[in-house]
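Engineer: Line by line, the protein sequences give chains A and Y. Take 78 as the starting number for the first sequence in my numbering and just add one per residue. Take 3 as the starting number for the second sequence in my numbering and just add one per residue. Where is the CB? At the ideal position from N, CA and C, for every residue including glycine. My questions all concern the structure below.
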Amino acid sequence: MGNEIVADGAYEIRGIGVTLLRQMPAVISISQLTKTYASDLKALKHIDLEIHRGEIFALLGPNGAGKTTLISVVCGIVTPTTGTVLVDGHDIVREYRAARSKIGLVPQELHTDMFESVWATVNFSRGLFGHAPNPAHLEKVLRDLSLWDKRNDKIMTLSGGMKRRVLIAKALAHEPEILFLDEPTAGVDVELRRDMWALVRRLRESGVTIILTTHYIDEAEEMADRIGVINKGELIVVEEKVGLMKKLGKKQLTLHLLEPLASLPLELSDWRLALKLGGSEIEYTFDGREEQTRIPALLRRLDELGIGFKDLQTRQSSLEDIFVSLVKAQSDHPWSAPLASVPSPSERA
Amino acid sequence: MSTAADIRRFNRYGVLAIYRFELARFRRTLWQSLATPVLTTSLYFVVFGAAIGSRMGAVDGVTYGSFIVPGLIMLSVFTESLNNASFGIYLPRFTGTIYEVLSAPVSAFEMVLAYVGAAATKSVIVGFVILATANFFVPVHILHPLWMIAFLVLVASTFSLFGFILGIWAKGFEQLQFIPMLVIAPLTFLGGAFYSIDMLPPGWRTVSLFNPIVYLVSGFRWSFYATSDVGVGISLAMTLAFFATCLALVWWIFRTGYRLKS
Numbered sequence: 078m079g080n081e082i083v084a085d086g087a088y089e090i091r092g093i094g095v096t097l098l099r100q101m102p103a104v105i106s107i108s109q110l111t112k113t114y115a116s117d118l119k120a121l122k123h124i125d126l127e128i129h130r131g132e133i134f135a136l137l138g139p140n141g142a143g144k145t146t147l148i149s150v151v152c153g154i155v156t157p158t159t160g161t162v163l164v165d166g167h168d169i170v171r172e173y174r175a176a177r178s179k180i181g182l183v184p185q186e187l188h189t190d191m192f193e194s195v196w197a198t199v200n201f202s203r204g205l206f207g208h209a210p211n212p213a214h215l216e217k218v219l220r221d222l223s224l225w226d227k228r229n230d231k232i233m234t235l236s237g238g239m240k241r242r243v244l245i246a247k248a249l250a251h252e253p254e255i256l257f258l259d260e261p262t263a264g265v266d267v268e269l270r271r272d273m274w275a276l277v278r279r280l281r282e283s284g285v286t287i288i289l290t291t292h293y294i295d296e297a298e299e300m301a302d303r304i305g306v307i308n309k310g311e312l313i314v315v316e317e318k319v320g321l322m323k324k325l326g327k328k329q330l331t332l333h334l335l336e337p338l339a340s341l342p343l344e345l346s347d348w349r350l351a352l353k354l355g356g357s358e359i360e361y362t363f364d365g366r367e368e369q370t371r372i373p374a375l376l377r378r379l380d381e382l383g384i385g386f387k388d389l390q391t392r393q394s395s396l397e398d399i400f401v402s403l404v405k406a407q408s409d410h411p412w413s414a415p416l417a418s419v420p421s422p423s424e425r426a
Numbered sequence: 003m004s005t006a007a008d009i010r011r012f013n014r015y016g017v018l019a020i021y022r023f024e025l026a027r028f029r030r031t032l033w034q035s036l037a038t039p040v041l042t043t044s045l046y047f048v049v050f051g052a053a054i055g056s057r058m059g060a061v062d063g064v065t066y067g068s069f070i071v072p073g074l075i076m077l078s079v080f081t082e083s084l085n086n087a088s089f090g091i092y093l094p095r096f097t098g099t100i101y102e103v104l105s106a107p108v109s110a111f112e113m114v115l116a117y118v119g120a121a122a123t124k125s126v127i128v129g130f131v132i133l134a135t136a137n138f139f140v141p142v143h144i145l146h147p148l149w150m151i152a153f154l155v156l157v158a159s160t161f162s163l164f165g166f167i168l169g170i171w172a173k174g175f176e177q178l179q180f181i182p183m184l185v186i187a188p189l190t191f192l193g194g195a196f197y198s199i200d201m202l203p204p205g206w207r208t209v210s211l212f213n214p215i216v217y218l219v220s221g222f223r224w225s226f227y228a229t230s231d232v233g234v235g236i237s238l239a240m241t242l243a244f245f246a247t248c249l250a251l252v253w254w255i256f257r258t259g260y261r262l263k264s
């Protein structure tokens with residue numbers, strides 16, 4: 078076990094905020110990982126990443142960013158070009174048995190054996206990962222996934238959503254400590270998506286570390302403790318979700334004025350204000366790091382200057398806005414620090 | 003609950019899982035798996051044994067019908083081993099389910115043992131079924147039963163290894179069929195399955211000695227009737243050499259990840 082470096086209090090994890098997760102020992106340590114395919118495509122470039130035990134980590138990125146390659150390297154399906162990956166302290170190449178037996182993988186594509194029954198395929202998966210048969214555990218997994226009634230059905234007769242559940246059941250058959258979900262909710266209906274979110278939460282509560290990739294930003298926003306954004310093979314940001322949204326999330330206050338202004342008074346030059354719609358609206362853009370008292374202060378200042386307003390709106394950027402701007406910033410300025418070049422919502426509008 | 007420590011040396015549950023999975027495929031297609039070789043063999047006996055064989059003299063003191071039994075078994079074992087093993091590994095590559103085996107704590111040796119072992123098991127079963135079928139048509143004597151089993155298992159394992167390589171090399175279903183149909187079948191027909199190479203003119207006899215199948219069939223036939231085209235020691239050595247070559251190729255495939263991993 079690689080958890081000798083545990084920080085004080087790190088074991089009191091359940092139910093405590095994500096800040097404690099930071100103190101947890103890394104269950105996966107990736108350092109200087111690169112993958113260059115034979116076609117010369119650099120799928121991963123010097124990735125350094127630590128996944129904390131017990132967290133839900135969401136890996137976001139556009140198509141072809143390297144998400145699946147990264148997962149495939151950790152799981153042993155793709156051979157890395159350089160770099161090392163430790164899974165619970167075990168090197169994925171030298172100690173592949175110990176490393177792989179801790180991991181369950183749910184692939185993005187619905188790769189299933191068509192002619193096998195659900196029960197046969199989960200038994201196969203459990204055996205493949207070196208575990209003795211345990212019908213009770215497999216029954217629990219299938220019941221949790223509402224697959225118990227389908228256990229004798231051939232996989233080919235199941236719907237796409239059910240096949241996805243079968244893949245999850247296969248990944249959980251050997252009681253993994255780490256679960257990779259590669260686009261788990263791609264192409265599934267709303268109900269199944271909610272079910273899957275609930276399942277992921279239950280798994281996390283039982284101590285399983287979960288790494289998911291997704292296109293749906295709201296999924297990451299809903300589920301993840303931490304978020305990594307990958308683009309063109311580079312990990313451009315890794316942050317706690319709350320911190321990321323606070324740091325990069327822009328807020329915007331729009332004031333609909335009683336009387337249009339020709340220009341902004343000099344007294345308001347301290348504020349980042351913009352006059353919109355022929356002077357009938359004032360737009361104030363600020364970020365989450367600024368003091369919460371800035372809005373009341375602005376409103377008082379306007380009152381002192383005799384500028385009245387009839388309505389106001391506030392808007393907060395979603396994780397999706399943040400994601401799009403991060404990826405765009407990297408594409409526009411590949412060598413600049415990504416955090417420094419996030420445009421405001423108004424600039425993007 | 004078992005732990006990683008249990009599989010540090012040998013993942014027996016993993017090997018058993020793949021082995022059973024492959025045999026389950028055999029059971030699902032039991033009708034084709036057994037009926038086809040039995041029917042084909044029966045037809046051979048009707049044509050070569052009864053119709054033509056009755057007009058032919060004995061070969062090396064063995065009636066023609068009995069003489070072709072080892073050759074016919076070998077022909078089926080070659081084809082079955084190649085087909086079973088190549089299909090066994092090609093299918094998961096084709097459907098994508100190979101991801102699970104590649105991500106499992108299963109070593110290359112265990113993977114080969116399971117896939118090749120299952121394919122060889124199937125062809126040995128087919129071999130015995132053909133032997134039993136042959137018994138209905140012609141008298142069959144096995145002078146060296148242990149050697150017969152040893153040759154059968156060795157040849158089935160060798161061709162299953164070869165089939166495994168084929169299944170990893172093939173990029174499509176047509177390539178899977180290419181080697182068995184265009185290389186192995188002609189070599190078998192020309193390799194003394196239905197005649198003794200002593201019956202050939204001297205020139206062709208020399209050419210035949212470059213055909214590896216000659217040694218396999220000859221050794222197997224020796225275990226039945228103690229007569230052979232080439233010395234049994236040479237047969238055994240050639241069979242083992244073929245086995246070692248396939249093993250080396252498989253080792254190279256896993257070392258480089260050739261067409262298995264990107």
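By Cβ distance below 6 Å, which residues in the same chain neighbour I105 of chain A in space, the five residues on each side in sequence not counted?
Structural biologist: Here the question's residue 105 of chain A lines up with position 28 in the first sequence. Excluding positions up to five away in sequence, the list reads I128, V164.
Engineer: From the beta carbon of E102 of chain Y, is the nearest beta carbon of chain A less than 8 Å away?
Structural biologist: For this step, residue 102 of chain Y is matched to residue 100 along the second sequence. By this cut-off, E102 of chain Y is an interface position.
Engineer: G169 of chain Y and G90 of chain Y: beta carbons closer than 8 Å?
Structural biologist: Within the second sequence, the letter at position 167 stands for residue 169 of chain Y. Within the second sequence, the letter at position 88 stands for residue 90 of chain Y. Yes, Cβ-Cβ distance for G169 of chain Y and G90 of chain Y is below 8 Å.
Engineer: Given that a residue counts as buried once 16 or more other Cβ atoms are within 10 Å of its Cβ, and exposed if not, what is I169 of chain A?
Structural biologist: As a first step, residue 169 of chain A must be located in the first sequence, where it is residue number 92. I169 of chain A comes out buried.
Engineer: Give a yes or no on whether 8 Å exceeds the smallest Cβ distance from R371 of chain A to chain Y.
Structural biologist: Taking the first residue of the first sequence as 1, we reach residue 371 of chain A at position 294. Not an interface residue.
Engineer: At what residues does the beta strand (DSSP E) containing F206 of chain A begin and finish?
Structural biologist: On the first sequence, position 129 is the one that residue 206 of chain A refers to. Here F206 of chain A belongs to no beta strand (DSSP E), and DSSP marks it neither H nor E.
Engineer: By DSSP, does T262 of chain A sit in helix, in strand, or in coil?
Structural biologist: One-based indexing of the first sequence puts residue 262 of chain A at position 185. Three-state result, T262 of chain A: coil.
Engineer: What residue range is occupied by the uninterrupted beta strand (DSSP E) comprising A152 of chain Y?
Structural biologist: Against the second sequence, residue 152 of chain Y aligns to sequence position 150. Premise fails: A152 of chain Y lies in the alpha helix (DSSP H), 147–171, not in any beta strand (DSSP E).
Engineer: Assuming F139 of chain Y and G67 of chain Y are in contact, meaning their beta carbons sit under 8 Å apart, how far apart are those beta carbons, in whole angstroms?
Structural biologist: If you number the second sequence from 1, residue 139 of chain Y lands on position 137. If you number the second sequence from 1, residue 67 of chain Y lands on position 65. The pair is a contact, with the Cβ atoms about 7 Å apart (cut-off 8 Å).
Engineer: What are the boundary residues of the beta strand (DSSP E) that includes S106 of chain A?
Structural biologist: Position 29 of the first sequence, counted from the start, is the residue given in the question as residue 106 of chain A. S106 of chain A -> beta strand (DSSP E) spans 103–113.
Engineer: For the candidate residues Y:S162, Y:L218, Y:G233, whose alpha-carbon lies nearest to that of S88 of chain Y?
Structural biologist: Locating residue 88 of chain Y in the second sequence gives position 86, counting from the first residue. Of the candidates Y:S162, Y:L218, Y:G233, the one whose C-alpha sits nearest the C-alpha of S88 of chain Y is Y:S162.
Engineer: Measure from the C-beta of F23 of chain Y to each C-beta in chain A and report whether the shortest distance is under 8 Å.
Structural biologist: On the second sequence, residue 23 of chain Y is found 21 positions in, with the first residue counted as 1. Chain A, which has a Cβ nearer than 8 Å to the Cβ of F23 of chain Y, makes this yes.
Engineer: Inspect the CB distances between the region 305–313 of chain A and the region 138–156 of chain A and report whether three or more fall short of 8 Å.
Structural biologist: Touching, yes.
Engineer: Where I399 of chain A and D266 of chain A are concerned, what is the direct C-alpha to C-alpha distance, given to the nearest angstrom?
Structural biologist: Within the first sequence, numbered from 1, the residue matching residue 399 of chain A stands at position 322. Within the first sequence, numbered from 1, the residue matching residue 266 of chain A stands at position 189. When rounded, the distance between both Cα atoms is 26 Å.
Engineer: Looking at C-beta atoms only, is the number of pairs between the region 142–158 of chain Y and the region 45–58 of chain Y that lie closer than 8 Å three or more?
Structural biologist: The region 142–158 of chain Y, when compared against the region 45–58 of chain Y, does not touch it at the 8 Å Cβ threshold.
Engineer: Could you tell me whether the Cβ of K263 of chain Y comes closer than 8 Å to any Cβ of chain A?
Structural biologist: For this step, residue 263 of chain Y is matched to residue 261 along the second sequence. Yes, its Cβ sits closer than 8 Å to a Cβ of chain A.
Engineer: Across which residues does DSSP place I128 of chain A in a beta bridge pair?
Structural biologist: In the first sequence, the residue the question calls residue 128 of chain A occupies position 51. I128 of chain A is bridged to A:I105.
Engineer: Is there at least one Cβ from chain Y nearer than 8 Å to I307 of chain A's Cβ?
Structural biologist: Translated into positions along the first sequence, residue 307 of chain A becomes position 230. No, because no Cβ of chain Y sits closer than 8 Å to the Cβ of I307 of chain A.
Engineer: By the 10 Å Cβ neighbour count, where 16 or more other Cβ atoms means buried, how is Y114 of chain A classified, buried or exposed?
Structural biologist: The residue given as residue 114 of chain A occupies position 37 in the first sequence. Exposed, because fewer than 16 other Cβ atoms sit within 10 Å of the Cβ of Y114 of chain A.
Engineer: Here's the rule: buried if 16 or more other CB atoms are within 10 angstroms of the residue's CB, otherwise exposed. What is F166 of chain Y?
Structural biologist: Here residue 166 of chain Y is taken as the residue at index 164 of the second sequence, counted from 1. Result: buried.
Engineer: Flag A106 of chain Y as yes if its beta-carbon sits less than 8 Å from any beta-carbon of chain A, otherwise no.
Structural biologist: To locate residue 106 of chain Y, count along the second sequence from 1; it is residue 104. With 8 Å as the cut-off, A106 of chain Y counts as an interface residue toward chain A.
Engineer: Could you pull the start and end residues of the alpha helix (DSSP H) that R30 of chain Y belongs to?
Structural biologist: Residue numbering aside, residue 30 of chain Y sits at position 28 when the second sequence is read from its first letter. 14–30 is the span of the alpha helix (DSSP H), which, as asked, contains R30 of chain Y.
Engineer: Look up F2 of chain Y in the DSSP assignment and say whether it is helix, strand or coil.
Structural biologist: This structure cannot settle anything about residue 2 of chain Y, because the visible part of chain Y is limited to 3 through 264.
Engineer: Using a threshold of 8 Å, state whether the C-beta atoms of E260 of chain A and T291 of chain A are closer than that.
Structural biologist: Your numbering for residue 260 of chain A matches position 183 in the first sequence. Your numbering for residue 291 of chain A matches position 214 in the first sequence. Cβ atoms of E260 of chain A and T291 of chain A: closer than 8 Å.
Engineer: Under the rule that 16 or more other beta-carbon atoms within 10 Å means buried, what is G284 of chain A, buried or exposed?
Structural biologist: Counting from one through the first sequence, the residue named residue 284 of chain A turns up at place 207. Burial call: exposed.
Engineer: How would you call T391 of chain A, buried or exposed, if buried means at least 16 neighbouring beta carbons within 10 angstroms?
Structural biologist: If you number the first sequence from 1, residue 391 of chain A lands on position 314. Per the 10 Å Cβ criterion, exposed.
Engineer: Taking its Cβ as the centre, do 16 or more other Cβ atoms sit within 10 Å of F257 of chain A, making it buried, or is it exposed?
Structural biologist: By 1-based counting over the first sequence, the position of residue 257 of chain A is 180. When all chains shown are included, F257 of chain A counts as buried.
Engineer: Could you tell me which residues DSSP puts in a beta bridge with Q390 of chain A?
Structural biologist: Counting from 1 along the first sequence, the entry for residue 390 of chain A is found at position 313. DSSP lists A:T331 as partners of Q390 of chain A.
Engineer: Starting from the Cα of L238 of chain Y, find the closest Cα among Y:A250, Y:E102, Y:F222, Y:Y227 and give me that residue.
Structural biologist: Counting from 1 along the second sequence, the entry for residue 238 of chain Y is found at position 236. It is Y:F222.
Engineer: Counting contacts by CB-CB distance shorter than 8 Å, is V155 of chain A in contact with chain Y?
Structural biologist: Taking the first sequence and counting its residues from 1, one reaches residue 155 of chain A at position 78. Cβ-Cβ to chain Y under 8 Å: yes for V155 of chain A.
Engineer: Do I255 of chain A and K179 of chain A come within 8 Å of each other at the CB atom, strictly closer than that value?
Structural biologist: In the first sequence, residue 179 of chain A corresponds to position 102, counting from 1. In the first sequence, residue 255 of chain A corresponds to position 178, counting from 1. In contact: K179 of chain A and I255 of chain A (Cβ atoms closer than 8 Å).
Engineer: Go to A248 of chain A, then tell me how far its alpha helix (DSSP H) extends in each direction, as first and last residue.
Structural biologist: Position 171 of the first sequence, counted from the first residue, corresponds to residue 248 of chain A. Here the alpha helix (DSSP H) through A248 of chain A covers 237–249.
Engineer: Please list, in chain order, all residues of the same chain as S159 of chain Y whose beta carbon is under 6 Å from its beta carbon, the five residues on each side excluded.
Structural biologist: Looking up residue 159 of chain Y in the second sequence gives position 157. The residues are A122.
Engineer: Kindly say whether T111 of chain A, judged by its beta-carbon, lies nearer than 8 Å to any beta-carbon of chain Y.
Structural biologist: Taking the first residue of the first sequence as 1, we reach residue 111 of chain A at position 34. It does not: the Cβ of T111 of chain A has no partner Cβ on chain Y nearer than 8 Å.
Engineer: Just mark Y101 of chain Y as buried or exposed, buried being the case when its beta carbon has 16 or more other beta carbons within 10 Å.
Structural biologist: The residue given as residue 101 of chain Y occupies position 99 in the second sequence. Classification of Y101 of chain Y: buried, given that the 10 Å Cβ count is 16 or more.
Engineer: Where L427 of chain A and S395 of chain A are concerned, what is the direct C-alpha to C-alpha distance, given to the nearest angstrom?
Structural biologist: Shown here, chain A extends from 78 to 426; a query on residue 427 of chain A therefore has no answer.
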